[in-house]
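Read through the structure below, which is laid out as structure tokens, and then see the notes.
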Amino acid sequence: MNSISKIAAQDMFQSELDAENLVREIMENMTDNIYFKDLKCQFVLVNKSFCEWAKRSQEDVIGKTDFDIFSAGPHAQAAFDAEQEIIKSGLPLLGIEEEEVWPDGHVTWVSTSKMPWRNKDGEIIGTCGISRDITINKKLEGQLAQAQKLESVGQLAAGIAHEINTPIQFVSDNLCFLKDSVQELLTLADQYRQFIQFAKKSGFDPASIKEQETFLDDADMEYQTEELPKAIEQSLEGTDRVSKIVRAMKEFSHPGSSEMSDANLNEAIETTLIVTNNEWKFVATVETNFAKDLPSVPCLISELNQVVLNMIVNARDAIEETGEMGTITLSTTYDDHWVIARISDSGAGMPENIQSRIFDPFYTTKEVGKGSGQGLAIAHNVIVNKHGGELNVISKPSEGATFEIKLPRKQNPEGSAKAS
Numbered sequence: 244m245n246s247i248s249k250i251a252a253q254d255m256f257q258s259e260l261d262a263e264n265l266v267r268e269i270m271e272n273m274t275d276n277i278y279f280k281d282l283k284c285q286f287v288l289v290n291k292s293f294c295e296w297a298k299r300s301q302e303d304v305i306g307k308t309d310f311d312i313f314s315a316g317p318h319a320q321a322a323f324d325a326e327q328e329i330i331k332s333g334l335p336l337l338g339i340e341e342e343e344v345w346p347d348g349h350v351t352w353v354s355t356s357k358m359p360w361r362n363k364d365g366e367i368i369g370t371c372g373i374s375r376d377i378t379i380n381k382k383l384e385g386q387l388a389q390a391q392k393l394e395s396v397g398q399l400a401a402g403i404a405h406e407i408n409t410p411i412q413f414v415s416d417n418l419c420f421l422k423d424s425v426q427e428l429l430t431l432a433d434q435y436r437q438f439i440q441f442a443k444k445s446g447f448d449p450a451s452i453k454e455q456e457t458f459l460d461d462a463d464m465e466y467q468t469e470e471l472p473k474a475i476e477q478s479l480e481g482t483d484r485v486s487k488i489v490r491a492m493k494e495f496s497h498p499g500s501s502e503m504s505d506a507n508l509n510e511a512i513e514t515t516l517i518v519t520n521n522e523w524k525f526v527a528t529v530e531t532n533f534a535k536d537l538p539s540v541p542c543l544i545s546e547l548n549q550v551v552l553n554m555i556v557n558a559r560d561a562i563e564e565t566g567e568m569g570t571i572t573l574s575t576t577y578d579d580h581w582v583i584a585r586i587s588d589s590g591a592g593m594p595e596n597i598q599s600r601i602f603d604p605f606y607t608t609k610e611v612g613k614g615s616g617q618g619l620a621i622a623h624n625v626i627v628n629k630h631g632g633e634l635n636v637i638s639k640p641s642e643g644a645t646f647e648i649k650l651p652r653k654q655n656p657e658g659s660a661k662a663s
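Going letter by letter, the sequence shown gives residues 244 to 663 in the working numbering.
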């Protein structure tokens, strides 16, 4: 083909390559949901994938809003507010996760990026967005988190069995003691009844009185009087400890709700300390400094318990590597915006280059087979992505490490927490 023919072919191709048609063709063949909305947040243009996902025709979507598709639920309002903010600021909103509740009650999740839609003169005439269905990913994420929790429970089971067995053993011993002591007291009471009956009939007999005194000495009432209350108190303490362990284990292993609810961070930490007691008691002592008036905070308590467990186990491991008995310190406080928990250890600390990577998935400084590198990554996802909080580490070599968890005291309309 000569150069003139090539030019002619290119011109022909360019004439066919209309920009608007090209955009539409790309949109229609993408598997992600693409849509354009006007300034009133009404759908103006949607692609085929969007219609299949919404189970509606294009004619049924155009001119509608999220309130028509999702009903007047929190997602529709949150989407409207976000798009109005984009129109106002001219700034995009990238990679947000949205929970969508449909009119029939079923729930889906999408990862969405939204941006301003401008005309040729650069004026904002609406918004456009692209979203990808991540419902399966969210389910797998939840299953992974629950699987890790069950794995943690399994690893703790032997220690918990030991923790329960110890108080049960001294409860059993004390109850055996109580049984024998009470029998002696009952026998003594019977002897005194017989003595009183005898004394009434025949008067006071010095020999009989001496016999009763001897019996009283053999019963060692002074010892019984001193030890019986102790045995009863220890038995009550033991059963109370068993109850706390079982209750803490039940709370910790419960799958939890997918909805945020108010919870007390002090109680969450105390529950996890009870469950993990056998994991750290031979390596470290635990000190707590809880704010007594700590306000409740909106959270996913089951997932928050898992985060605290990961932090305590990491602190234990850091101390264990020093070969010396150490200290784990847990404290809580709050300000106008945050409820804050700090978990510190007296371990070897970590250099700055490691601190920047510890929240990366699968990154671990532990030897092969000991650490999965998932604990801190999951903790970061739970605190930062699911709660809108902050997770920070402060550490220097030879000075231990402190992990700081900051949870917002308020929720936004979608249910994710935020700082006020």
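Built from N, CA and C at the ideal position, the CB exists for glycine as well. None of the values given here were measured: they were computed from a predicted structure.
> In terms of alpha-carbon separation, which member of V627, S545, L537 and F602 lies closest to N557?
Replying inline: Position 314 of the sequence shown, counting from 1, holds the residue named residue 557. The option with the nearest alpha carbon to N557 is F602.
> Taking buried to mean at least 16 other C-beta atoms within 10 Å of its own C-beta, is F293 buried or exposed?
Replying inline: Mapped onto the sequence shown, residue 293 falls at position 50. With 16 or more other Cβ atoms within 10 Å, it is buried.
> Where do the N-terminal and C-terminal ends of the alpha helix (DSSP H) with M503 fall, by residue?
Replying inline: What you label residue 503 is simply residue 260 of the sequence shown in a count that begins at 1. Per DSSP, M503 belongs to no alpha helix (DSSP H) and is neither H nor E.
> In three-state terms, what does DSSP make of A584?
Replying inline: By one-based count along the sequence shown, residue 584 stands at place 341. In the structure shown, A584 sits in a strand (DSSP, three-state: E or B).
>> On the CB-based measure, 16 or more other CB atoms within 10 Å of its CB, does S504 come out buried or exposed?
In response: Position 261 of the sequence shown, counting from 1, holds the residue named residue 504. With fewer than 16 Cβ atoms within 10 Å of its Cβ, S504 is classed as exposed.
> What are the boundary residues of the alpha helix (DSSP H) that includes M554?
Replying inline: On the sequence shown, residue 554 is found 311 positions in, with the first residue counted as 1. Run containing M554: I544 to E563, per the alpha helix (DSSP H) assignment.
>> Which residue marks the beginning of the beta strand (DSSP E) containing S638, and which one marks its end?
In response: Residue numbering aside, residue 638 sits at position 395 when the sequence shown is read from its first letter. S638 -> beta strand (DSSP E) spans E633 to S638.
> How about D588 and A644: do their beta carbons lie closer than 8 Å?
Replying inline: Numbered from 1 along the sequence shown, position 345 holds the residue referred to as residue 588. Numbered from 1 along the sequence shown, position 401 holds the residue referred to as residue 644. Yes; because the gap between Cβ atoms is below 8 Å, this pair is in contact.
>> Less than 8 Å between the beta carbons of A534 and I571, yes or no?
In response: Locating residue 534 in the sequence shown gives position 291, where the first residue counts as 1. Locating residue 571 in the sequence shown gives position 328, where the first residue counts as 1. No.
>> Within 8 Å, do at least three Cβ pairs link the segment 516–530 to the segment 619–634?
In response: no
> Alpha carbon to alpha carbon, how far is T565 from R559?
Replying inline: For the purposes of this step, residue 565 is taken as residue 322 along the sequence shown, with counting starting at 1. For the purposes of this step, residue 559 is taken as residue 316 along the sequence shown, with counting starting at 1. So the two alpha carbons sit approximately 10 Å from each other.
>> With the cut-off set at 8 Å, would you say T457 and N509 are in Cβ contact?
In response: For the purposes of this step, residue 457 is taken as residue 214 along the sequence shown, with counting starting at 1. For the purposes of this step, residue 509 is taken as residue 266 along the sequence shown, with counting starting at 1. Contact: no.
>> Quick check: the Cα distance between T665 and Q412, rounded to an integer number of angstroms?
In response: Because the chain here runs from 244 to 663, residue 665 falls outside it and cannot be looked at.
> Going by other Cβ atoms of all chains shown within 10 Å of its Cβ, with 16 needed for buried, is I379 buried or exposed?
Replying inline: Indexing the sequence shown from 1 puts residue 379 at position 136. Exposed, since its Cβ has fewer than 16 Cβ neighbours within 10 Å.
>> Just to confirm, is the Cβ distance from R375 to D303 under 8 Å?
In response: For the purposes of this step, residue 375 is taken as the residue at position 132 of the sequence shown. For the purposes of this step, residue 303 is taken as the residue at position 60 of the sequence shown. No, they are not a contact pair.
> Taking the Cβ atom as the reference point for each residue, do V582 and R652 lie within a distance shorter than 8 Å?
Replying inline: Counting from one through the sequence shown, the residue named residue 582 turns up at place 339. Counting from one through the sequence shown, the residue named residue 652 turns up at place 409. Yes.
> Going along the chain, which residues of its own chain have a beta-carbon closer than 8 Å to the beta-carbon of D281, five neighbours each way excluded?
Replying inline: By one-based count along the sequence shown, residue 281 stands at place 38. Counting only Cβ-Cβ distances below 8 Å, and skipping sequence neighbours, we find V287, I368 and G369.
>> Does Y435 pass the burial test, meaning 16 or more other C-beta atoms within 10 Å, or should it be called exposed?
In response: Position 192 of the sequence shown, counting from 1, holds the residue named residue 435. It counts as exposed.
>> Just to confirm, is the Cβ distance from G569 to S641 under 8 Å?
In response: Position 326 of the sequence shown, counting from 1, holds the residue named residue 569. Position 398 of the sequence shown, counting from 1, holds the residue named residue 641. Cβ atoms of G569 and S641: not closer than 8 Å.
> Which of helix, strand or coil does DSSP assign to P472?
Replying inline: Against the sequence shown, residue 472 aligns to sequence position 229. DSSP places P472 in helix when its eight states are reduced to three.
>> Rounded to the nearest angstrom, what separates A297 and H630 at their Cα positions?
In response: The count along the sequence shown starts at 1 and reaches residue 297 at position 54. The count along the sequence shown starts at 1 and reaches residue 630 at position 387. Cα to Cα, the separation comes out at about 28 Å.
>> Could you compute how far the alpha carbon of L650 sits from the alpha carbon of K639?
In response: Taking the first residue of the sequence shown as 1, we reach residue 650 at position 407. Taking the first residue of the sequence shown as 1, we reach residue 639 at position 396. If I take the Cα positions, the gap works out to 24 Å.
>> Tell me the residue span of the beta strand (DSSP E) that contains K535.
In response: Residue numbering aside, residue 535 sits at position 292 when the sequence shown is read from its first letter. Where K535 is concerned, there is no enclosing beta strand (DSSP E), given that its DSSP letter is neither H nor E.
> Under a three-way DSSP split, which group does N276 fall into?
Replying inline: In the sequence shown, counting from the first residue as 1, residue 276 sits at position 33. The answer is strand: DSSP assigns N276 an E or B state.
> Do Y278 and G372 come within 8 Å of each other at the CB atom, strictly closer than that value?
Replying inline: Translated into the one-based positions of the sequence shown, residue 372 becomes position 129. Translated into the one-based positions of the sequence shown, residue 278 becomes position 35. The answer is yes: Cβ separation under 8 Å.
> Where do the N-terminal and C-terminal ends of the beta strand (DSSP E) with A644 fall, by residue?
Replying inline: Within the sequence shown, numbered from 1, the residue matching residue 644 stands at position 401. Segment A644 to P651, the beta strand (DSSP E) holding A644.
>> Please state the DSSP three-state secondary structure of S199.
In response: The first residue shown for the chain is 244 and the last is 663, placing residue 199 beyond what the model contains.
>> If you follow the alpha helix (DSSP H) that K202 is in, where does it begin and where does it stop?
In response: Nothing can be reported for residue 202, as the shown portion of the chain is limited to 244 through 663.
>> Assuming the contact rule is C-beta atoms closer than 8 Å, I329 and L336 should be a hit. Round their C-beta distance to whole Å, please.
In response: In the sequence shown, residue 329 corresponds to position 86, counting from 1. In the sequence shown, residue 336 corresponds to position 93, counting from 1. About 6 Å; that satisfies the 8 Å criterion.
>> Please classify S332 as buried or exposed, where buried requires at least 16 other C-beta atoms within 10 Å of its C-beta.
In response: The sequence position of residue 332 within the sequence shown is 89, counting from 1. Exposed, by the Cβ-count rule.
>> For a test of the three-state rule: what should DSSP assign to D433, helix, strand or coil?
In response: Counting from 1 along the sequence shown, the entry for residue 433 is found at position 190. Of the three classes helix, strand and coil, the one that applies to D433 here is helix, per DSSP.
>> Taking the beta carbon of I586 as the centre, do at least 16 other beta carbons fall within 10 Å, making it buried, or is it exposed?
In response: By 1-based counting over the sequence shown, the position of residue 586 is 343. Classification for I586: buried.
>> Among E268, E427, A620 and V414, whose alpha-carbon lies nearest the alpha-carbon of N553?
In response: Sequence index remark: in the sequence shown, residue 553 carries index 310 (1-based). Per the Cα distances, A620.
> What residue ranges within the segment 298–356 form continuous beta strand (DSSP E) runs of no fewer than 3 residues, ordered along the chain?
Replying inline: 336–344
> First and last residue of the alpha helix (DSSP H) that includes L508?
Replying inline: Walking along the sequence shown from the start, residue 508 turns up at place 265. Start and end: L508 to W523.
>> Is the beta carbon of A584 closer than 8 Å to that of C542?
In response: Position 299 of the sequence shown, counted from the start, is the residue given in the question as residue 542. Position 341 of the sequence shown, counted from the start, is the residue given in the question as residue 584. Result no, Cβ atoms of C542 and A584 do not sit closer than 8 Å.
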